[in-house]
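In the numbering used here, the protein residues as written are 4 to 209.
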């Protein structure tokens, strides 16, 4: 009887140790995500890239509307400084979405006074890495030769955005503009989910 009991005790201690390590790693990731949720505006941009997320019908979800409203305020400030960057709205069409996220964003910007001539619509992306790489490909295909971009997303997302931007566009000076989540519940859910997305992107997204 003694040997099975000792073996079971070792297994329990091992599982407990793994659980504690997992909790510590999760806590470290959440700290990094929360610390990275701030805006970092480094220079006037040659382009502004607004990343898509869920839409409700043909309207922005509250999280996406916050991104768009933050971008509109930022664009107004830039215009006051004589800076009128090209704008890329990036996001594909989910299975339960009647139009692409990018089309929804473009319509919202136009309804709020942004000239259609300034807006580029990228509709193929299905994740953050594709948002960035496809947006840059679209700009370069039309001869854009800028050296700086500002990327707009919700606060929980920006740590991963900066990591991927450094991989995908290392030659570009990247700023980030933070938009809040609309509710505490959505913020908590998004921050927990983002911990797993950050691991996935760190290991596989290029």
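Here a beta-carbon is modelled for each residue, glycine too, at the ideal position from N, C-alpha and C.
Nearest to residue i (by Cα), restricted to the options the options
i	options	result
residue 98	58, 171 and 34	58
residue 80	64, 208 and 46	46
residue 100	141, 64, 172 and 176	64
residue 123	115, 161, 142 and 56	142
residue 163	22, 206 and 85	206
residue 174	161, 139, 208 and 146	139
residue 35	21, 113 and 161	161
residue 116	60, 82, 96 and 102	82
residue 103	85, 56 and 113	56
Beta carbon of residue i nearer than 9 Å to that of residue j
i	j	result
residue 32	residue 187	no
residue 43	residue 170	no
residue 126	residue 105	yes
residue 135	residue 108	no
residue 37	residue 194	yes
residue 158	residue 111	no
residue 177	residue 168	yes
Residue i burial status per 10 Å Cβ neighbour count (16 or more: buried)
i	result
residue 77	buried
residue 40	buried
residue 118	exposed
residue 137	buried
residue 204	buried
residue 148	exposed
residue 20	exposed
residue 144	exposed
Given 8 Å as the limit, is there contact between the stretch 62 to 75 and the stretch 177 to 188, that is, 3 or more CB pairs closer than that? With a cut-off of 8 Å, the stretch 177 to 188 and the stretch 62 to 75 count as touching, because enough Cβ pairs lie within range.
At 3 residues or longer, what runs of the beta strand (DSSP E) sit wholly inside the stretch 106 to 179? Within the stretch 106 to 179, the complete beta strand (DSSP E) segments of 3 residues or longer fall at 122 to 125 and 151 to 157, listed in chain order.
Quick one: any contact between the stretch 129 to 145 and the stretch 18 to 36, if contact means 3 or more CB pairs under 8 Å? No, the stretch 129 to 145 is not in contact with the stretch 18 to 36.
In chain order, each beta strand (DSSP E) run of at least 3 residues that lies wholly inside the stretch 35 to 61: Those beta strand (DSSP E) runs which fall completely within the stretch 35 to 61 and span 3+ residues are 50 to 54.
Measuring CB atoms only, is the stretch 192 to 201 touching the stretch 88 to 97, in the sense that at least three cross pairs come out at less than 8 Å? In this structure the stretch 192 to 201 does not touch the stretch 88 to 97; the number of beta carbon pairs closer than 8 Å is below three.
Three or more beta-carbon pairs under 8 Å between the stretch 42 to 57 and the stretch 147 to 165, yes or no? Contact holds: three or more Cβ-Cβ distances are below 8 Å.
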